[in-house]
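These notes concern the structure reproduced below.
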Amino acid sequence: MSTGNPIQLSLSVKLSDEATFSNFYAGPNELVVKAVRALADPQSNPADDVLYLWGACGSGRSHLLQAACHHMAEAGGLAMYLPLADMIEHGPVLFEGMEEVDLLCLDELDAVVGHAHWQEALFHLYNRLRERGGHLLLAADSPPRSMALDLPDLTSRLGWGLVLQMQALDDLGKQEVLKLRAEGRGLQLSDEVARYMLSRGARGMGELFAALEKLDQASLQAKHRLTIPFVKRIMDW
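For the sequence shown, UniProt numbering gives the first residue as 1, with consecutive numbering after it.
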């Protein structure tokens, strides 16, 4: 693999330690998780070597892309995760040499809308990666034909593989996600406290995870379990 600047830039993207398959609540997205797992498993032979995920923000797309990278790396393969919204300033030269990886995960694909040079580079990368037998995992807010891309051939390519919609979680699902994430941190989060957090705080998963992080730190410092009065005091609700 090339060791030039593009690869070095990509390596600066750190995967979240918590973004694993075991730490993901599938809920209504069991088939999506199964498809991502198959794509990220060097021993499997998925029917499609390109998988495109779309859905509302907070549906877990970024978590799954990073989990796929962790899984591929643990199996001895080479995986790369690129959140394109954070990479757009570096220019499409970032894609040079990316066809060498076994699994390339491109998150926030919507960032290339309005950037014709990025779209052309992505089109050529797509072709190079498939020629080498690599796998491509993509995530965006909307399906390929709703992205308003300037390059019709790229729109067509993105729809060639498996296109799956991720379903947003209802309150019960969010509650289960919070409990699972808390368990991974060694915290006991009761249904009652999880419901309280959903009823009083911001309802987006990012905000809920941030609240859980704050409560985890406070719980460690105070050596206090998570109760509604404790959560209320720490979060100033």
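Note that beta-carbon positions come from the ideal geometry of N, C-alpha and C, so glycine has one too.
- The C-alpha of F95 is placed about 26 Å away from the C-alpha of S44.
- Counting of Cβ neighbours within 10 angstroms places H124 among the exposed residues, the total staying below 16.
- At the C-beta level, Q188 and R225 come within 9 Å of one another.
- Under the DSSP assignment, L82 falls in the beta strand (DSSP E) whose first and last residues are 79-83.
- The straight-line gap separating the alpha-carbon atoms of V113 and L149 is approximately 6 Å.
- Here DSSP, grouped into helix, strand and coil, assigns D110 to helix.
- The DSSP assignment places complete beta strand (DSSP E) segments of no fewer than 3 residues inside the segment 30-59 at 50-54, in order along the chain.
- As the crow flies, the alpha-carbon of A75 is around 27 Å from that of L122.
- Taking R157 as the centre and dropping the five residues before and after it, the same chain places the C-beta of F123, Y126 closer than 7 Å to its C-beta, in chain order.
- When secondary structure is reduced to three states using DSSP, Q167 falls in the coil class, being assigned neither helix nor strand.
- In this structure, the straight-line span from the alpha carbon of D41 to that of A67 is close to 11 Å.
- Secondary structure of L149 (DSSP, three-state): coil.
- In the DSSP assignment, A139 is bridged to L53.
- If you check the CB distance, A139 and D102 do not come in under 9 Å.
- Per DSSP, the beta bridge partners of C105 are Y81, L137.
- The beta carbon of A26 sits closer than 6 Å to the beta carbons of V33 from its chain, once the five residues preceding and following it are set aside; these are given in chain order.
- The residue from D49, D110, E213, M166 with its alpha-carbon nearest to that of L31 is M166.
- DSSP places L180 within a helical segment (H, G or I) once states are collapsed to three.
- Excluding the 5 residues flanking it on each side, R181 has same chain C-beta neighbours closer than 8 Å at E18, N23, F209, L212, in chain order.
- In the three-state DSSP reduction, L189 falls in the coil class, being neither helix nor strand.
- Counting only the Cα atoms, R185 lies some 27 Å from G55.
- Taking a C-beta distance under 9 Å as the contact criterion, M205 and G77 do not qualify as a contact pair.
- Beta-bridge pairing by DSSP links L94 to no other residue.
- Linking A111 to P143 through their CA atoms gives a straight-line distance of about 14 Å.
- With a cutoff of 9 Å on beta-carbon distance, L137 and L53 are scored as near each other.
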